[in-house]
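2 protein chains.
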Amino acid sequence: MTDLWAVTHTQFDPQHLQHAETIFTIGNGYLSTRGAFEEGYPGDERATLLHGVFDDAPMVMTELVNAPDWLALTIRLNGERFSLAQGTLEAFEQTLDLKTGVLTRTVRWRSPAGDGATLKFERFASLANEHLLLLRCTVTPEFEGLLEIHAALDAHAYNEHGAYRLAHWHWLDQGERRKAAYLLVRTHGTGLKLAGALRCQINGTAVQAQDMWHATMVPTQVVQLEVKAGQPVVAEKFVALVTSRDVEVDRLVDTAVEHVTAVTTWEAALAAQTAAWQAEWERCNVIVEGDDEAQLALRFNLFQMLIAAPRHDDRVNIGAKTLSGFGYCGHSFWDTEIFMLPLFSYTSPHIARNLLTYRWRNLPGARAKARANGFEGAQFPWESAATGEEVTPTWVPHFADRTQLVRIWTGDIELHISADIAYAAQQYWQVTGDDEWFIQQGAELILDTAKFWASRAEWHPDRAGVPPAAGGVYEYRDVIGPDEYHEHVDNNFYTNRMAQWNLQTALHTLAWLKNQAPDKAQQLIGQLDLSEQRLAHWQAVIDKLYLPVQPNGLIEQFDGYFQLREIDAAALEPRSQSFQQIFGIAGANEVQGIKQPDVLILLHLLRSEFSAALVRVNYDYYTPRTDHTYGSSLGPAIMAIMACEVGLPADAYEHFRRAVRADLHDVRGNADDGIHAASAAGTWQVMAFGFAGLRLTPDGWHLHPRLPQHWKRLSFKFCYRGEWQTVDLTQE
Amino acid sequence: MTDLWAVTHTQFDPQHLQHAETIFTIGNGYLSTRGAFEEGYPGDERATLLHGVFDDAPMVMTELVNAPDWLALTIRLNGERFSLAQGTLEAFEQTLDLKTGVLTRTVRWRSPAGDGATLKFERFASLANEHLLLLRCTVTPEFEGLLEIHAALDAHAYNEHGAYRLAHWHWLDQGERRKAAYLLVRTHGTGLKLAGALRCQINGTAVQAQDMWHATMVPTQVVQLEVKAGQPVVAEKFVALVTSRDVEVDRLVDTAVEHVTAVTTWEAALAAQTAAWQAEWERCNVIVEGDDEAQLALRFNLFQMLIAAPRHDDRVNIGAKTLSGFGYCGHSFWDTEIFMLPLFSYTSPHIARNLLTYRWRNLPGARAKARANGFEGAQFPWESAATGEEVTPTWVPHFADRTQLVRIWTGDIELHISADIAYAAQQYWQVTGDDEWFIQQGAELILDTAKFWASRAEWHPDRAGVPPAAGGVYEYRDVIGPDEYHEHVDNNFYTNRMAQWNLQTALHTLAWLKNQAPDKAQQLIGQLDLSEQRLAHWQAVIDKLYLPVQPNGLIEQFDGYFQLREIDAAALEPRSQSFQQIFGIAGANEVQGIKQPDVLILLHLLRSEFSAALVRVNYDYYTPRTDHTYGSSLGPAIMAIMACEVGLPADAYEHFRRAVRADLHDVRGNADDGIHAASAAGTWQVMAFGFAGLRLTPDGWHLHPRLPQHWKRLSFKFCYRGEWQTVDLTQE
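In order, the protein sequences belong to chains D and C.
For the first sequence, my numbering assigns the number 35 to the initial residue and increments by one for each residue that follows.
For the second sequence, my numbering assigns the number 35 to the initial residue and increments by one for each residue that follows.
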């Protein structure tokens, strides 16, 4: 592995087709396209997903729609269809260049009749013009005869649900303008409109009008050529996609045609692409010396985050699987705020701001959810899509028995996301110093979530074990914490403490606002009804929230956790299933095995509030109880940071490796469904907060380097309050 | 209305597009195609459904798959796309010729640019060769210029589920053989393969190979013509569909191509079609004089049944909505045995036998269902599809709140279908005298369902109200009867009495079999374990089954029905909702309003077992409690027969009219989803058993004519034990 900017497969492995499609995803923050083959392959999951283009779907409520397939390219050599499912594959290489975002595949193939050719496919999603998709295929025949190329824009793109496939697009119009084929379609339920335009060139010459097939839903440009052995043919396919989220409906087709006809040459578009990516890596590159695998894997994870991050749209968010697969339907979770936001707040504040503004725009949905549940303020949905309403499925089919359904409770009672969003807003502000955004949007996020927490707190005057002098406690009962193996628990410590933090921060925010932006403070006081009485109630909840800590510093994850049956995790090894799969949903609820660090992630988020000794006690207690390998993919990055904190560098590196290889090496066996975004972005946190020990304090930023032993150098940049900082660490 | 063989619309009504599509369905017993427009229209539900071609679907378990669309025909006049959604419609007529099964549409249309043309579309599904579909379009331009015709076979055909659409087909292959375009696809979950072949002629000349668009999934033949005003252009499109249910997979494409190339001319195919339909009507025609509406509507209902009835396949059944729409996913219910079978047993015994053999073939599924529920014998599924396993959805989304689900109990506890199937088997035998079938299959159906009923009966020694001398009673608790407004009821009289009939008939069958086919009797005794002990238990259940009748003859529909709250049905009028929609699912369970006759249908089926006085008492009691207009569409035909029985001819005619107009006039507002098959076939029963009073007794058939007052003549034929009988009644 010499080029630490390229992910390469030199073998075609049909057994792991969909995994390769996931990791060879390209994108530009507006859309992503999985690395499926242009010519198709049985069982492929070809998909292009656009931010914000959601449609209704059974059970899962709403999902990102698989856009018209712009890759479709049928190639016939002397009448025989090129496909790796037939003929002879003589050479294969697929490479994703992380530096430029170009995916290349070179194939030497021989047809069943014996006609050979080398085919080189290159593609990229333009970062310079996010509506533009470019594909180039160079065919070098070893035979003399007929070469046919059919380049389609195929609106029969389906959303894969395993047992079934949904068709979201309805035909509206298609035709030809300025030598481009165009197509106009709309989604079934939400009525979003999408225009696509397609233009092809063969050896630099545009395909003629008479060589277009206007087949319904599948406009296709077609070329037939007499070819000679050794003389390459270059086919270029340019596609533009534009939706009614971007421009007025009556401008859709023209806009798509304009984008696609504005491309002069492949080379010019590639030059713009290279320049745009250079600017990205200027901000975000991480240099690791002494660990080539980590170097490449870190860049791969950063690449996957950068292609998923909306640059010009603050009405969308990043889904748990980015835009790289159908997993979780493009829905966004707390993954964004707790796992992804730090990367962007520190390296790409314009992206972080877009993501947080999405939450602010969706406050009406969060308020509606709180009201529907009988509470005040803003209760953010556990799963969020286009509108900010709760889109967590309430029921999903049981995987083993289709007549049975499993009730999903996270949308009802996994409350902590509201505090997580407030936390991310405050962190963004601390890192960037973006007072303007904080005044206009961030403060409202923090205040209205606090209002929710105060209304949701239950007063229990007679809680056992609470000194009578206290007169009672506030509690949060019937919740789910970050560890989702345990449902319907009371006083999840993470939830309670983050709620308290949210309320405290809200009071500080209001005080700051009254001082710095008194008009805004008055507006919010009126709008959110922040009366003195209400603020006094907030203070009472802060003061009397139930947050028990054992004398030795050990924290019980929730009421009764210590009484659950212990498990011998080591005795379960080797395993390829999660604790929950092994014990069952009900069984896992009754043992101590946890899906991910729960107490420990709180200690990470509010690190300065807890002593090193307390951290160590809890690290030692919870680490052996955590399902590191098949539990949540969110866990390993946090575990790595906390292992750094307690001075266990070898353990830290093991957890880091689990996170950074999650998708590249499919260590959990489910990368087919898409990139594990929280894990990918979490690797940046391990690098920065764990290995470099980056911490913010009121007087600035500090480093506490704890590099893995074999790392010779770690270097990265970040932007602190508008000023770029460079970190460059070596082993001392 | 002069031609009483044609259903005609002379206006295009986009508000009722899908209703028109349903009633203009054509078919041939192998497949049906809804009457959607060749060129498409926004919101249409174009569908071709093939018997037995099921695929997995969420919630509904399995559904008939919308086959590749063979209608697709794009026509451009001087570059403008013909569509009723634009331009000017100057004349419109759509006619279904019931005598030949040809659907014709004539349209005079002017494009937005002013180019006018008359377009005549004709189509039929060949009854002479059930794989063959034919379409002809005659365009008579009023302009000089360019006429383009694109004729596609479009495998992007979706199953409509309202909120979403499923895509079932995967591409396998496509190409060209013998001037026909072909396509090979497979279903997503069940892996059934379908080949389609397409061949077009323009003015009698085959479209050339270079005029084919091999767009993926959408092979299209294309013609461009310079046309002159007044000179018609005739485009003919022939399509063949064959599936892996019909021939070996490696013969699929060749077989489809053979069928489509065997068509010499439209005229020859039409002649074969006309002859085939003449034979159908020779058997099935009904003549009514003095009531043109009834005459035409009866023929329409018969036509819809005849195109849905499998002639060459005994592995399929007729769905509740025939093959004419997506309603009930093509699943079969008791509708077949109780409502459709009489029509076929009397007029088309070869079809009746196929339908009953389907049940016999699915005995393994029925046995598996009984075993899974802890019972013996054969418990037939409430909803049945390809395999005979239970395919009733267990949950369906609540129509008003997508986070809520409604539990469907019919698949669990609507037991009576097992007796209904036994009843139909015995009736078929009685009508046809088909001893061979009865010995080989019918007897086993009756015996194994009896075995189920005996094992399902519960012994209750202490039932209140039962004389102590009896020592106890057998009961069937927790069931649903024909009236599905009342779930989880005990001792539904219909269920109990039909179970008793099933057990009695089983004993008679075994006795007959021992006499007539002793080898078969011994085989079944061994196979089904029909020990003396078991038969004694059957007799005990027969003797002690709980079947209470009031002294005046009134029968309580189920335990406690009389105690339910009465409703004032008249006070709810006028209404456009069912009782269940008005009262809610739970509310309807608690009032006396019923979805359909329940006791009365039992009295119809076992008419000779009950006195005229008892029939009258129950008719008078239950008629005002029945939801005739928006309850079950199965009800009106039975009500009409029973009204004849009690001598209320005006009432009988009113119920008959409700049944016979159900789809033609969409009296229930849901004909969009497909033909109400039970109602359609039920109209034949009203005609035969009600108005003509046809009854079988051990010594032959008898008539008790009760013609509607204004009918001058009623004539029909039926086949009794191999001999054709003609009924020709006039008012005496």
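Each residue gets a CB set at the ideal place from its N, CA and C atoms; glycine is no exception.
Cβ closer than 9 Å: which chain C residues qualify as neighbours of residue i?
i      : result
D:A147 : Chain C residues near D:A147: none, gap ~15 Å exceeds 9 Å.
Below 7 Å CB to CB, which residues in the same chain sit around residue i once its five sequence neighbours on both sides are set aside?
i      : result
C:N335 : V694, A714, T717
C:S418 : N351, H365, S366, N396, V425
C:R842 : Nothing can be reported for residue 842 of chain C: it is not among the residues displayed for chain C, which extend from 35 to 766.
D:M35  : In this predicted model, D:M35 has a pLDDT of only 42, less than 50, meaning its place in the structure is not dependable enough to derive any value.
Check the DSSP bridge columns for residue i and list the partner residues they point to.
i      : result
C:N100 : C:L83
C:I183 : C:I109, C:V257
D:K154 : D:T140, D:T172
C:S66  : C:G61, C:L83
C:I451 : Paired residue(s): none; C:I451 is not in a bridge.
C:Q208 : C:L217
Helix, strand or coil for residue i? Go by DSSP, reduced to three states.
i      : result
C:K746 : coil
D:M246 : strand
D:E478 : helix
D:R599 : strand
C:M532 : helix
D:T239 : strand
D:N388 : helix
D:V267 : strand
D:S379 : helix
C:T42  : strand
D:N319 : coil
D:H689 : helix
C:A420 : coil
D:N396 : coil
C:E178 : coil
C:Q413 : coil
D:H736 : strand
Which chain C residues sit within Cβ distance under 7 Å of residue i?
i      : result
D:H190 : H190, M251
Taking C-beta pairs closer than 8 Å, name the residues in chain D that residue i reaches, listed in chain order.
i      : result
C:L259 : Correct list: empty, because the minimum Cβ distance to chain D is about 16 Å.
I want to check one thing, is the minimum distance from the CB of residue i to the heavy atoms of the ligand GTP below 7 Å?
i      : result
C:Q120 : No copy of the ligand GTP occurs in the structure displayed, which carries no ligand at all.
For residue i, which residues of its own chain have a beta-carbon under 8 Å away from its beta-carbon, when the five flanking residues on both sides are left out?
i      : result
C:W203 : V99, P102, A189, H190, A191, V219, R220, T221, H222, L228, M251
D:L439 : W429, V430, P431, H432
Cutting at 6 Å between CB atoms, please list the residues of its own chain near residue i, excluding the five before and the five after it.
i      : result
D:W300 : R170, E270
C:V141 : F126, L153
D:E766 : none
C:T138 : T129, E156
**Message:** Any C-beta of chain C within less than 8 Å: which residues of the stretch 221 to 253 of chain D qualify?
**Reply:** H222, G223, W247, H248, A249, T250, M251, V252
**Short-range partners of chain D found in the stretch 79 to 111 of chain C, where Cβ spacing is below 9 Å** = D89, D90, A91, P92, M93, M95, A106, T108
**Item:** Contact residues within the stretch 187 to 215 of chain D, judged by C-beta distance below 7 Å to chain C
**Value:** D188, H190, Y192, A197, Y198, R199, L200, A201
**Prompt:** When Cβ atoms are compared, which residues of the stretch 429 to 453 of chain C fall closer than 9 Å to chain D?
**Reply:** W429, P431, R436, T437, Q438, L439, G445
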